[in-house]
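Novice: The following block contains the structure, expressed as structure tokens.
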Amino acid sequence: MARTPSEDVAATRRLMFDIFRSSPGCREELESRATLVRLETLLGVAQLAAWRGGPEEVLVASRGAARIARAKSAPAQSDQAALCSQFADYALASSLVDASRVPEAFASPSQRVQTFLANLLAITGEYLLLARDPAALLSVRRAVRREARRVAADDDLSALVIATAVDLQQFWPELVAATLSRLEVPR
2 MARTPSEDVA ATRRLMFDIF RSSPGCREEL ESRATLVRLE TLLGVAQLAA WRGGPEEVLV
62 ASRGAARIAR AKSAPAQSDQ AALCSQFADY ALASSLVDAS RVPEAFASPS QRVQTFLANL
122 LAITGEYLLL ARDPAALLSV RRAVRREARR VAADDDLSAL VIATAVDLQQ FWPELVAATL
182 SRLEVPR
């Protein structure tokens with residue numbers, strides 16, 4: 002019997018919840034100062050409108066932004082911290098690329114925070130899935146990425162996304178925790 006779309010969403014969220022839960026320290030690393038520096042850098046680069054150029058300009062801006070963020074961050078204290086910093090670098094670059102494709106979805110600081118969060122969750126989720134199951138089907142990987150974007154765009158998170166855009170230091174850890182909690186689906 003085929004599953005309904007809502008059953009597929011629930012199954013994907015359960016899978017994501019399981020892979021994030023089974024990765025000790027992952028939540029803390031996503032909430033970390035290193036990740037926050039990437040988001041701060043993204044917001045600074047966005048103010049310069051560097052993402053509005055062509056593909057070459059966006060590529061240069063994303064590479065430069067990642068270099069700036071790495072230079073501002075303390076050296077990683079563990080392999081997992083280094084890996085999560087890499088995910089944050091990828092999320093920063095992906096966010097700038099997304100902005101160049103759909104500029105109106107990147108118009109405000111809160112939209113930029115939401116885009117970064119969605120990319121961070123998607124990239125980390127897909128990596129953790131592949132680390133757990135190297136043979137994971139492309140369709141499952143795509144479902145994880147798609148669901149990460151849905152979770153980050155959850156209306157229940159909108160007030161917290163706006164608050165985070167205003168005060169990153171105070172609200173980023175709470176936003177990460179609230180987003181990850183949205184993955185938990187009753188069995």
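In terms of my numbering, the sequence shown opens at residue 2 and continues consecutively. No residue lacks a Cβ here, since even glycine has one placed at the ideal position from N, Cα and C.
1) Which term fits residue 112, buried or exposed, when burial requires 16 or more other beta carbons within 10 angstroms of its beta carbon?
2) Taking the straight line between their C-alpha atoms, what separation do you get for residue 90 and residue 67?
3) Is the number of C-beta pairs between the segment 25–42 and the segment 53–60 that are closer than 8 Å three or more?
4) Does the beta-carbon distance from residue 117 to residue 184 come in below 7 Å?
5) Taking only the alpha-carbon atoms, compute the straight-line gap between residue 147 and residue 121 and give it to the nearest angstrom.
6) Assuming contact is defined by CB atoms lying nearer than 7 Å, are residue 32 and residue 135 in contact in what I supplied?
7) Jot down the residue ranges of each uninterrupted alpha helix (DSSP H) in the segment 115–174, minimum 4 residues, whole runs only, in chain order.
8) Taking the alpha helix (DSSP H) that residue 89 belongs to, which residues open and close that run?
9) Please report the Cβ distance between residue 141 and residue 129, rounded to the nearest whole angstrom; I am assuming they are in contact, meaning their Cβ atoms lie under 8 Å.
Specialist: If we stick to the structure as given:
1) Buried.
2) Each residue's Cα considered, the two are about 6 Å apart.
3) The segment 25–42 vs the segment 53–60: no contact.
4) Taking 7 Å as the Cβ cut-off, residue 117 and residue 184 do not qualify as a contacting pair.
5) One Cα belongs to residue 147, the other to residue 121, and the distance between them is close to 12 Å.
6) The criterion of a C-beta distance shorter than 7 Å is not satisfied by residue 32 and residue 135.
7) With a minimum length of 4 residues, the unbroken runs of alpha helix (DSSP H) contained wholly in the segment 115–174 fall at 139–153, 159–167.
8) Start and end: 80–102.
9) Rounded, the Cβ-Cβ distance is 12 Å, inconsistent with contact.
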